[in-house]
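> The sequence shown lines up with residues 0 to 194 when you count with numbering that gives the first Met the number 0.
Just so you know, even glycine gets a beta-carbon here, dropped at the ideal spot from N, CA and C.
Before anything else, here's the structure in question.
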Amino acid sequence: MTLDPVDYAIISQALIAAAREMGVKLVRSAYSTVLREARDGSAALLDAAGATIAQAELIPMQLGTIGRVFQPCAALYPNETLEEGDFFIINDPYSGGQHLQDVFLFHPIFFRGKVLGFTASVAHHLDISGGDPGLNTAATDVYSEGLIIPPIKLNMARDWHGGAFQRLLRANVRVPHQTMGDFDAQIAANAIGAA
């Protein structure tokens, strides 16, 4: 399929506008000051293979790794296995992430029953468990820094709204209202991109 320059510009700017709206939603919905005031988060749209096609102008350093962080999720859970309501969560630094406090969420975008692409958000969470809240400079290993979340496929209805995974996270952070609020901000940002 070939696009003429005008169609390309219109589609390109529409995708960038959607990513920017995701970024605005992420920051305005955040509970923590690190996300709301320091804007330590990012949002993007990915194609079905996980390549970034548009991103918000928040913290580009986080988006540089987003495709790499997405790949372990895609390897475990091919697009054909995904259903409405599914999403991926990961913060594993050994899978391309930067540190445990940066948690990535990826939501599939469906069109006529097939995955067209993904919405993605990453946010720096002040507390993700560990020996001390925030960045633990006294940590002697990665386990002291916080909870490692390997690539996991969750479902909004089953695992999030009072589900097992949300309860697990809530039980392991010091200020659950704030941490869950920031996760909900990521979910809301991804929903904007999928609309």
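Over what stretch of residues does the alpha helix (DSSP H) that includes G66 continue unbroken?
G66 -> alpha helix (DSSP H) spans I65 to L75.
> Go ahead and label I88 buried or exposed: buried means 16 or more other beta carbons lie within 10 angstroms of its beta carbon, across all protein chains shown.
That one is buried.
> Please report the distance separating the alpha-carbon of R27 from that of R35.
Approximately 6 Å between the Cα atoms of the pair.
> May I ask you to report which of helix, strand or coil DSSP gives N154?
DSSP places N154 in strand when its eight states are reduced to three.
> With which residues is P107 paired in a DSSP beta bridge?
In DSSP, P107 forms a bridge with F117.
> Ignoring anything shorter than 3 residues, give me the beta strand (DSSP E) runs that lie fully in the region 118-194, in order along the chain.
Taking only runs of at least 3 residues, the beta strand (DSSP E) segments lying wholly in the region 118-194 are 151-154.
> Residues bridged to L44 by DSSP?
Note: L44 sits in a beta bridge opposite A53 and T118.
> I need the straight-line Cα distance from E49 to T118, nearest angstrom please.
At residue 49 the sequence reads Gly, which differs from the Glu that was named. Their Cα atoms are separated by approximately 10 Å.
> On the DSSP letters alone, give me the boundaries of the alpha helix (DSSP H) that I9 sits inside.
P4 to S28 is the span of the alpha helix (DSSP H), which, as asked, contains I9.
> Relative to the C-alpha of I191, which candidate in S128, I15, V33 and H123 has its C-alpha closest?
The option with the nearest alpha carbon to I191 is I15.
> If you draw a straight line from the alpha carbon of F182 to that of L153, how long is it in whole angstroms?
Rounded to whole angstroms, F182 to L153 spans 13 Å at the Cα level.
> Return the bridge partner residues of V102 from the DSSP annotation.
Paired residues: A122.
> Along the chain, where does the beta strand (DSSP E) that runs through D85 open and close?
First-last of the beta strand (DSSP E) with D85: D85 to I89.
> Quick check on G161: buried or exposed, where buried means 16 or more other Cβ atoms within 10 Å of its Cβ?
Exposed, since its Cβ has fewer than 16 Cβ neighbours within 10 Å.
> If you compare alpha carbons, which of G40, T80, E83 and Q165 is closest to T64?
Residue G40 is the option with its Cα nearest to T64.
> Kindly list the residues whose CB is nearer than 6 Å to the CB of P71, restricted to its own chain and excluding five residues on each side of it in sequence; keep chain order.
So the qualifying residues of the chain are S94 and P150.
> Is Q12 buried or exposed, if buried means 16 or more other CB atoms sit within 10 Å of its CB?
It is exposed - the Cβ of Q12 has fewer than 16 other Cβ atoms within 10 Å.
> Could you check whether the region 122-141 touches the region 91-109, counting it as contact only if at least three pairs of C-beta atoms, one from each stretch, sit closer than 8 Å?
Short answer: they touch.
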